[in-house]
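Peer 1: In my numbering, the protein residues as written are 18 to 84. All C-beta atoms in this analysis are idealised placements derived from N, C-alpha and C, irrespective of residue type, glycine included.
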């Protein structure tokens with residue numbers, strides 16, 4: 018079932034990387050091996066630069082506080 022999924026969301030992945038739970042090198046290897054029809058969304062604060070460098074698109078959300 019290789020074509021079963023077309024979208025994978027790895028929510029808060031950067032936190033797992035920054036806490037040492039998932040090696041950054043393994044994520045990079047995973048991204049390079051993905052099938053071309055699969056889109057992958059990575060979320061989380063302080064995403065490692067190496068992952069940003071291979072991204073097709075980067076969206077940054079900033080919080081604003083109003084009194």
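Output the boundary residues of the beta strand (DSSP E) element that contains residue 24.
Peer 2: Within the chain shown, numbered from 1, the residue matching residue 24 stands at position 7. Its beta strand (DSSP E) spans residues 24-27.
Peer 1: Name the DSSP beta bridge partners of residue 59, please?
Peer 2: Position 42 of the chain shown, counting from 1, holds the residue named residue 59. Looking at the DSSP assignment, residue 59 forms a beta bridge with 27.
Peer 1: Quick check: the Cα distance between residue 31 and residue 73, rounded to an integer number of angstroms?
Peer 2: Along the chain shown, one-based indexing puts residue 31 at 14. Along the chain shown, one-based indexing puts residue 73 at 56. Their Cα atoms are separated by approximately 17 Å.
Peer 1: Report yes if the CB atom of residue 29 is closer than 7 Å to the CB atom of residue 61, and no otherwise.
Peer 2: Residue numbering aside, residue 29 sits at position 12 when the chain shown is read from its first letter. Residue numbering aside, residue 61 sits at position 44 when the chain shown is read from its first letter. In contact: residue 29 and residue 61 (Cβ atoms closer than 7 Å).
Peer 1: Taking buried to mean at least 16 other C-beta atoms within 10 Å of its own C-beta, is residue 59 buried or exposed?
Peer 2: Mapped onto the chain shown, residue 59 falls at position 42. Looking at its Cβ environment, which holds 16 or more other Cβ atoms inside 10 Å, residue 59 is buried.
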